[in-house]
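Visitor:
In full-length UniProt numbering, the protein residues as written are 1 to 195.
Here it is in structure tokens:
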């Protein structure tokens, strides 16, 4: 449960989120190695030393971003599958969920692509474990829709879909958002035989 508005805890949570947002933009633009904690603080309107009230290191900021988005995707996929809709509806909902992520969080995709190796080993393993579980869950639904596919073929299709959808950050700055969104959803559904 989030802290009550107007409380010290709420202010602290808001500042922490501002720091994460600042870091996300800076890491995406400049790369993890080129950003200092003082840069993150400046982007959130606080001094560099004030960042330490919220994060023990720059690696801790990166960990929260990448582990956090991996948990979000895993949990969202689990929720959609758990709703028990027919397989085609479930797969369509998964496609839309992942497309929404890619369209709304291009910076996190850039950071993951470029800076995952900078995570401490334990957090990197956690991200990889969550990603494997997410892919496996998707592959099961793909097989429910396409029973002619074996597990390996379904997994390859899921990875191919993610590659296509996660390329969005490279398109979204050059093309109108409506074009990217419409074409991304259409292509993603078609890639999985949904439309």
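Built from N, CA and C at the ideal position, the CB exists for glycine as well.
#1: I'd like the span of the alpha helix (DSSP H) that includes residue 134, first residue to last.
#2: When the Cα atoms are used, what is the spatial distance from residue 31 to residue 148?
#3: Flag this pair as yes or no: are the beta carbons of residue 155 and residue 139 separated by less than 7 angstroms?
#4: Considering only their Cβ atoms, is the gap separating residue 91 from residue 141 smaller than 7 angstroms?
#5: On the premise that residue 46 lies in contact with residue 98, defined as a C-beta separation below 8 angstroms, what is that separation, rounded to the nearest angstrom?
#6: My assumption, with CB atoms under 8 angstroms, is that residue 66 sits in contact with residue 111. Please give the rounded CB distance.
#7: How about residue 112: is its Cβ closer than 6 angstroms to a heavy atom in the ligand ZN?
#8: What number of angstroms, rounded off, separates the C-alpha of residue 44 from the C-alpha of residue 174?
#9: Quick one: what's got a C-beta closer than 8 angstroms to residue 80's C-beta in the same chain, skipping five residues either side?
#10: According to DSSP, simplified to helix, strand and coil, what is residue 150?
#11: My output table needs one value for residue 195: the three-state DSSP class, helix, strand or coil.
#12: Near residue 244, which residues of its chain fall below 6 angstroms by C-beta distance, leaving aside the five closest residues on each side in sequence?
#13: Rounded to whole angstroms, what's the CA-CA distance from residue 116 to residue 131? Just pull it up for me.
#14: Measure the C-alpha to C-alpha separation of residue 9 and residue 107 and round it to an integer number of angstroms.
#15: Whole angstroms is fine: what's the gap from residue 183's alpha carbon to residue 157's?
#16: Around the Cβ of residue 122, are there at least 16 other Cβ atoms within 10 angstroms (buried) or fewer (exposed)?
#17: With respect to the alpha helix (DSSP H) encompassing residue 64, which residues constitute its N-terminal and C-terminal limits?
#18: Under the three-state reduction of DSSP, which class applies to residue 162: helix, strand or coil?
#19: Please report the straight-line C-alpha distance between residue 73 and residue 187, rounded to a whole angstrom.
#20: Provide the residue span of the alpha helix (DSSP H) that contains residue 7, from first to last.
Guide: If we stick to the structure as given:
#1: 121-145 is the span of the alpha helix (DSSP H), which, as asked, contains residue 134.
#2: Whole-angstrom Cα-Cα distance: 42 angstroms.
#3: In this structure, residue 139 lies closer than 7 angstroms to residue 155 by Cβ.
#4: Cβ distance < 7 angstroms, so residue 141 and residue 91 count as in contact.
#5: Actually they do not touch by this definition, with Cβ atoms about 34 angstroms apart.
#6: About 7 angstroms separates the two Cβ atoms, so the contact holds.
#7: Judged by which ligands are present, the structure shown has none, so any question about the ligand ZN falls away.
#8: The straight-line gap from Cα to Cα measures roughly 27 angstroms.
#9: A distance below 8 angstroms between beta-carbons, with the five flanking residues on each side excluded, links residue 80 to the following residues of its chain, in chain order: 90, 93, 94, 97.
#10: Correct three-state label for residue 150: coil.
#11: Residue 195: coil per DSSP, three-state reduction.
#12: Outside the displayed span of the chain (1 to 195) sits residue 244, for which this structure offers no information.
#13: Cα to Cα, residue 116 sits roughly 12 angstroms from residue 131.
#14: Looking at the two C-alpha atoms, the distance is approximately 27 angstroms.
#15: Taken atom to atom, the span from the alpha-carbon of residue 183 to that of residue 157 is near 18 angstroms.
#16: Counting Cβ neighbours within 10 Å, residue 122 comes out exposed, since fewer than 16 surround it.
#17: Counting along the chain, the unbroken alpha helix (DSSP H) around residue 64 starts and ends at 58-82.
#18: Helix, per DSSP.
#19: Rounded to the nearest whole angstrom, the CA to CA distance from residue 73 to residue 187 is 20 angstroms.
#20: Taken as a continuous stretch (DSSP letters only), residue 7 belongs to no alpha helix (DSSP H), as it is neither H nor E.
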